[in-house]
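As given, the protein sequences belong to chains B, L and H, one line each in that order.
First residue of the first sequence? That's 1 in the numbering used here, and the numbers climb one at a time after it.
First residue of the second sequence? That's 293 in the numbering used here, and the numbers climb one at a time after it.
First residue of the third sequence? That's 563 in the numbering used here, and the numbers climb one at a time after it.
Every residue gets a Cβ at the ideal spot worked out from N, C-alpha and C, and that includes glycine.
All of these numbers come straight from a predicted model, not from anything done at the bench.
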Amino acid sequence: MAQQKWRNTLVGWSFILPNFLGFVIISLVPMIAAFGLSFMEWDSFNAPEWVGLDNFERLLRDESTKIALWNTTLYALGHVPLTMLAALGLALLLNRRLAGLGFFRAAAFFPYITSLVAVAVVWNMLFNPEFGPVNQFLHFIGIDNPPGWTTSTTWAMPAVILTSVWRDMGYYMVLFLAGLQSIPREYYEASKVDGATGWQRFLFVTLPGLRPVTFLVLILLTVQSFKVFDLIVVMTDGGPGRATLVLSQQIYRQGIIEGEFGYASAISFVLFLLVLVLTLIQFWFNNRRERS
Amino acid sequence: MIRRVLLNVMLLIAAAVILVPFLWMVSASLKRNNEVFTIPIEWVPQSFQWNNFADIWERIPLGTYLGNTVLLSVVITFLQLLTGSFAAYGFSKMRFPGRDALFFAYVATIAVPWQAYMIPQYIMMRKAGLTDTLLSLILLQAFGAFGVFLMRQYYQTIPDELCEAARMDGLTEYGIWARIILPLSKPALASLGLLTFVNTWNDYMGPFIYLTSNDLWTIQLGLRSFVGQFDADYAMMMTGSVLSILPILVIFLLGQRYFIQGIATSGMKG
Amino acid sequence: MIRRRMLAAMATAVAIALPVSACGSGEEPAANGPVTLSVSVWSLASTPEFQVLFDAFTKANPDITIKPVDILAADYPTKVTTMLASGDQTDVITMKNVIEYARYASRGQLLDITAAAKSDTAKKLGGLDAFKQEGDKYYALPYRQDFWVLYYNKKLLEAAGQAFPTNLTWDQYVELAKKLTTGSGQSKVYGTYHHTWRSVTQAISAAQTGGDQLSGDYKFFADQYRAALALQEAGATLDFGTAVTQKTGYASMFETQKTAMMPMGTWFIAKVLSEKQKGTTNVDWAIAPMPQRPGSSKITTFGSPTAFAVNKNAKHSAAAKKFVEFASGPEGAKALAAIGIVPAYSSDEILKQYFALTGMPTDEMSKKAFTPDKVNLEMPVSDKTSKIDTILNEEHQLIMAKQKSVEDGIKSMETRVKNEVS
């Protein structure tokens, strides 16, 4: 039996190794180095200097970093559930025999591959406080004082979240679509025999069958929300003021722009810990549900 | 029947709305550069600059960039699929101590922002003499937790009994992976392949940092080369963007065909 | 035990992934025989000035060939920082702006070229002061020096029956802009266009009031902000929020004749000249001095130099120095002026050559605008510059987007600089 266990371990590792080896050498080593840097002061050129927890203390005092942390959390709170719903909805809608199915799926995926400059310009135009269609519509339905969206410190974040949901939903739709394929057909047929309604079949067959994929999407979405960078940079560049400043931007500014790589690493480390805790919680929930 | 038509009409309207930014892109690609950003937006160019689509091939060596991008995208996607699905089998169908902890640690590294370790990574690659080669980018992007995580989650939906039965029949674990699991996971492979391909195709920061020689550049670098110190040629950039979307569209249409077994059709009334 | 193992792993990782010690400089024996000099540049294809300089240089030095290291302009500092961190041996590094220069210089990544900066030729270099570092040392020489002037569209002014601007005060400028604003919707023409950069308001007021943007006391911005907001209020300029979010191109605004006036840097001259030659615009333009504060008799504006520096790890430092001196000297200036770039090196001859370019306005006022009495540095340089720059920019957005009043905005600039910059 012990031999069997050994064999299993060896074979198991042999599966993992090709990817893992490449990953450790190329990415894990510099990641650990960055972790080490968070306890040092480094200008990217001269030898790093050990400063203990100074970088973390500074982080607690730095108002911009705190604002970025708060903004990132807000963004994730909006982006994760909304994208999830939109992606799942799209996948269900576009997983049927339908004329022009390829076209509709491609259309849903297009936002993800459209040039970010185009995305920023068009969405900002839609959100324009004076002549944007969004506010014209709000006027039309009787709202006298519609928000200033990307020009307003209060409404910039919701505008960015909406844009990012639009952009990412096609990406996660692809994952859900693949997930829908792996639900065995027999389950549906059995539930039909039992006389389940469409809604019941969705609740008791589709959703449970999608659980591993939903879990995947949830984790990826969480991680990507906390790491959001590109879209914000082109759409608002953190503005107006610091209204949409997020952590990745702050890391970039402190590291590349200011040349304080130790401090930038410390912020990255905090971001990593935060996501780690969230991921752990999700893993824990998922394991419990899988067992039950 | 009527519901079906109605659904199609609604989908068409939704698609049109979703595609608005793309339409702007196409419109900008047919304008003169100083007509791109006008207030308010002009959707139809004053005069159609079809020659943009010819000029861009002279302005930048688009053919070379295209070749490099195709090479990178294909190789990286292939390696991701291969090593990712292979490792995922180890993580989901084999049982050995420490498996779940390792998997968790693996997934957790997705959370480390690239900005944080970009410079140490570059220094390392330079010490290995790999900067300014396409190989550096392949190494950079072919291995990682994303593909493993994705494939592992889909393997979870394949019943373990299938593997057990195959073991009884005397198949090795490698045989089970190749003959049973891989064919069953075509939709998952298609989605991983598609997403990896698109991400590599559109990646900008990686190639920007690692590739210095112009003849190694990718399309995304070519497009950004229209941005100067004080101004930018956005019309050309949009022309290039429109061109660079076409190959992705083909890949997408090829890939998405694996998502049609019509299961949910019988599940939901349509 | 585990902790010790973790520390060991960390130390190994740091050792593998970071330079253990700064590499020694590759000082070479006197440059003899053919040399290939590598020069870092941005967006080579769309920035003709580099090729022009290279051609002139290799013609004068046939034994040296130049290999440009082409880096995209948008993220130039990111890549240069990364390259230099890894001990890259590119010989000449172009300094896109003074703030980045100061950072590389203070880290010891650039070669000391003080001797060249103290030569007689260097005395004629506009903006050289910006490169002075601690201990009266220089690590770069400017080759171009752009400063701000007021562009205007002759046709639009004539149509409105207004005289061409001469020595305007800011109040006169605001009034003129209001009078020049016509139409609405698609056919609206603005009196002037202020681009979204903070310099349009802040750097000019610092230059003209003598205020210091690093001081932490920003009351001197107030007048300029009031003028800018008055223009916006009257609809005489595109409102800030729209300009930012629609990524409005200042070149488009002027070239498509959507604005009658526009304060902008002299780099725009080369652009308009070439666009007119290509036939993509037929704007009939000239320049005037920047508007001044009431009672000032001199023309004060602000500008920013662009420079070449030698990498400390350069393979061919002698040839690299030669190139840096050539580019900033009279020969480089001649080559630059020929394509409409404003060289740092100034002389009557260059000026004459510059105004002889086809398409250049030749009126007296344009020439006067081109020789301001005083050109202040856009932003003074110190180790705090980039932090303060970020703060001033963020608060600038809030004032211009009317999320804060001028007073509140200035107040929070002051408190933030005090609290966040140490």
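Under the three-state reduction of DSSP, Leu712 (chain H) is assigned to strand. The alpha-carbon separation between Ala156 (chain B) and Trp149 (chain B) amounts to approximately 5 Å. In this structure Asn128 (chain B) touches Thr804 (chain H) by the C-beta definition: roughly 6 Å separates them, less than 8 Å.
Under DSSP, Thr821 (chain H) shares a beta bridge with H:Tyr752.
Per DSSP, Ser152 (chain B) is not a residue of any beta strand (DSSP E), being assigned neither H nor E.
In this structure, Lys874 (chain H) sits near Gln671 (chain H), with a CB-CB distance shorter than 8 Å. With three or more CB-CB distances shorter than 8 Å, the segment 930-948 of chain H counts as touching the segment 763-774 of chain H. Taken through DSSP and simplified to helix, strand or coil, Asp632 (chain H) comes out as strand. Considering only beta carbons, the part of the segment 396-418 of chain L lying closer than 9 Å to chain B consists of Phe396, Tyr398, Val399, Ala400, Thr401, Ile402, Ala403, Val404, Pro405, Trp406, Gln407, Ala408, Tyr409, Met410, Ile411, Pro412, Gln413, Tyr414, Ile415, Met416 and Met417, in chain order. Counting the other CB atoms within 10 Å of its CB gives Ala264 (chain B) a total of 16 or more, which places it among the buried residues.
If you draw a 10 Å sphere on the C-beta of Trp123 (chain B), you find 16 or more other C-beta atoms in it, and that means buried. Taking C-alpha positions only, Val312 (chain L) is separated from Val233 (chain B) by approximately 21 Å.
Judged by DSSP secondary structure, Phe127 (chain B) falls outside any alpha helix (DSSP H); it is assigned neither H nor E.
Bounds of the beta strand (DSSP E) holding Asn938 (chain H) are Lys936 to Leu939. When the Cα atoms are used, Asp168 (chain B) and Thr933 (chain H) turn out to be separated by approximately 53 Å. In chain order, Gly259 and Phe261 place their CB closer than 7 Å to the CB of Ser44 (chain B), counting only its own chain and leaving out the 5 sequence neighbours on each side. Under DSSP, the beta-bridge partners assigned to Asn873 (chain H) are H:Leu672. Between Gly778 (chain H) and Glu976 (chain H), the beta carbon gap of about 6 Å places them in contact (Cβ cut-off 8 Å).
Taking a beta-carbon distance threshold of 8 Å, Asn128 (chain B) counts as an interface residue toward chain H. Counting only runs that start and end inside the segment 479-510 of chain L, there is no beta strand (DSSP E) element of at least 3 residues.
Ranked by how close their Cα comes to the Cα of Pro499 (chain L), the residues L:Trp316, L:Val519, L:Gly390 and L:Leu426 have L:Leu426 in first place. Contact annotation, Ala798 (chain H) with Ile849 (chain H): C-beta distance approximately 20 Å; criterion of less than 8 Å not satisfied. Contact between Pro451 (chain L) and Ala579 (chain H) is ruled out by a C-beta separation of about 43 Å, above the 8 Å threshold. Annotation: Tyr263 (chain B) has no Cβ neighbours in chain L at a cutoff of 7 Å; minimum Cβ distance is about 11 Å. Excluding the 5 residues flanking it on each side, Asn955 (chain H) has same chain C-beta neighbours closer than 8 Å at Arg760, in chain order.
Between Thr754 (chain H) and Met823 (chain H), the gap from beta carbon to beta carbon is short of 8 Å. With the rule of 3 Cβ pairs closer than 8 Å, the segment 308-323 of chain L does not count as touching the segment 471-480 of chain L. The alpha-carbon separation between Ile294 (chain L) and Leu207 (chain B) amounts to approximately 29 Å. DSSP lists no beta-bridge partner residue for Gln224 (chain B).
Counting C-beta pairs closer than 8 Å gives fewer than three between the segment 391-408 of chain L and the segment 459-477 of chain L, which falls short of the contact rule. For Arg706 (chain H), DSSP records a beta bridge to H:Thr868 and H:Pro905. In summary, the residues of the segment 963-977 of chain H whose CB is separated from some CB of chain B by less than 7 Å are Ala963 and Gln965, in the order they occur in the chain. Collapsing the DSSP output to three states places Ile143 (chain B) in coil. Counting along the chain, the unbroken beta strand (DSSP E) around Thr656 (chain H) starts and ends at Val654 to Met657.
Assignment of alpha helix (DSSP H) within the segment 328-383 of chain L, counting only whole runs of 4 or more residues, yields 344-351 in chain order. For the pair Gly241 (chain B) and Glu957 (chain H), the CB atoms are nearer than the 8 Å cut-off.
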